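What follows is a short report on a single structure.
In our numbering, the protein residues as written are 4 to 56.
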C-alpha cells in the first residue's frame with residue numbers, strides 16, 4: 004500500500020490532475036490480481052484491477 008498524497012491547497016480547484024505510482028517488477032512481487040484505487044476527500048472515485056504474471 005502506498006501513502007496518501009495531498010494535491011493543491013485549500014480553495015484551489017483543478018480541472019485535471021495526473022498522478023502515478025509504480026511497481027518494480029524486478030523485485031519479488033506476488034503474481035496475481037492487483038487493484039489501484041483513487042480517493043478524493045476520503046471517498047472512492049474509481050478503482051481498476053490489473054494482473055501481474
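Backbone N, C-alpha and C define an ideal beta-carbon position, used for all residues, glycine too. It should be emphasised that the depicted structure is a prediction, and the values quoted were computed from it without experimental measurement.
Reference residue i, options the options, closest by Cα
{"i": "residue 42", "options": "34, 36, 35 and 51", "result": "51"}
{"i": "residue 12", "options": "44, 56, 28 and 26", "result": "44"}
{"i": "residue 37", "options": "47, 26 and 46", "result": "26"}
Straight-line Cα distance separating residue j from residue i
{"i": "residue 33", "j": "residue 24", "result": "17 Å"}
{"i": "residue 49", "j": "residue 20", "result": "14 Å"}
{"i": "residue 9", "j": "residue 55", "result": "28 Å"}
{"i": "residue 29", "j": "residue 6", "result": "21 Å"}
Secondary structure of residue i, DSSP reduced to three states
{"i": "residue 7", "result": "coil"}
{"i": "residue 21", "result": "coil"}
{"i": "residue 35", "result": "strand"}
{"i": "residue 26", "result": "coil"}
Identified DSSP bridge partners for residue i
{"i": "residue 41", "result": "49"}
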